[in-house]
Amino acid sequence: QVQLVESGGGLVQAGGSLRLSCAASGRISSDIVMAWFRQPPGKEREFVAHITWSHGSTAYADSVKGRFTIARDNAKNTVYLQMNSLKPEDSAVYYCAAGIIPSIPAYWGQGTQVTVAS
-18 QVQLVESGGG LVQAGGSLRL SCAASGRISS DIVMAWFRQP PGKEREFVAH ITWSHGSTAY
42 ADSVKGRFTI ARDNAKNTVY LQMNSLKPED SAVYYCAAGI IPSIPAYWGQ GTQVTVAS
């Protein structure tokens, strides 16, 4: 089992920045992939970014490329999502997720709200 706890959400003006954190605990295997998803109001949950725990390889949704950066600190068992140049359409509940298959996470955090005001 892996437990995930997100933090760092909040309200920010368009063009601003936020950094989300995801603290992981439990049985974190070296082949695990950590990811961020988001769910805008009234829409489906969507992939944002993922990073492999062992090698730090990353992937991003086209909508956030060049603005968001995912990183991990293995010593702290923490994954970060640095979000820059935020847009109102980035407003969503952001979820940290973990699993062996990036597109089908086995574990989810409780989510943290990000609101970008225009």
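Going by the working numbering, the first residue of the sequence shown is number -18, and it counts up by one from there. Glycine included, each C-beta is placed from N, C-alpha and C at the ideal position. The structure presented is a predicted model; accordingly, all values stated were derived computationally and were not measured.
#### Entry: Beta-carbon proximity of Ile13 to Gly80, cut-off 8 Å
Remark: C-beta atoms of Ile13 and Gly80 approach each other more closely than 8 Å.
Measuring CA to CA, which of Ala73, Ala78, Ala87, Gly92 is closest to Gln20? Comparing alpha-carbon positions, the option among Ala73, Ala78, Ala87, Gly92 lying closest to Gln20 turns out to be Ala73.
Taking DSSP's pairing of strands, which residues face Ser(-12) in a bridge? Ser(-12) pairs with Ser2.
inquiry  = For Asp71, count the other beta carbons within 10 Å of its own beta carbon; 16 or more makes it buried, fewer makes it exposed. Which is it?
reply    = With a threshold of 16 other beta carbon atoms within 10 Å, Asp71 meets it and is buried.
#### Entry: Reference Thr96; option with closest CA among Tyr61, Arg48, Val(-7), Pro83
The shortest C-alpha separation from Thr96 is found at Val(-7).
- Are the beta-carbon atoms of Asn65 and Ser6 separated by less than 8 Å? No, these two residues do not count as a Cβ contact at 8 Å.
How many angstroms separate the CA atom of Gly23 from the CA atom of Lys57? Computed Cα separation, rounded: 34 Å.
| request: Check whether the Cβ of Gly(-9) sits closer than 7 Å to any heavy atom of the ligand HEM, and report yes or no. | output: Summarising the ligand content, the structure contains no ligands, and the ligand HEM is consequently not present.
Exercise for the section: Please specify which runs of the alpha helix (DSSP H), each continuous and at least 4 residues long, are wholly inside the segment 35 to 98, giving them in chain order. Expected result: Complete alpha helix (DSSP H) runs here, min 4: none at all.
In chain order, what residues of the same chain have a beta carbon less than 8 Å from the beta carbon of Ala(-5), not counting five sequence neighbours either side?
-> For Ala(-5), where only same-chain residues beyond five positions count, the Cβ hits under 8 Å are Leu67, Lys68, Pro69, Val97, Ala98, Ser99.
Run the CB neighbour count on Ile85, radius 10 Å, all protein chains shown included, and call it buried at 16 or more, exposed below.
Ile85 comes out exposed.
Exercise. Using the DSSP secondary-structure output, state which residues sit across from Gln(-6) in a beta bridge.
Key: Gln(-6) is bridged to Ala98.
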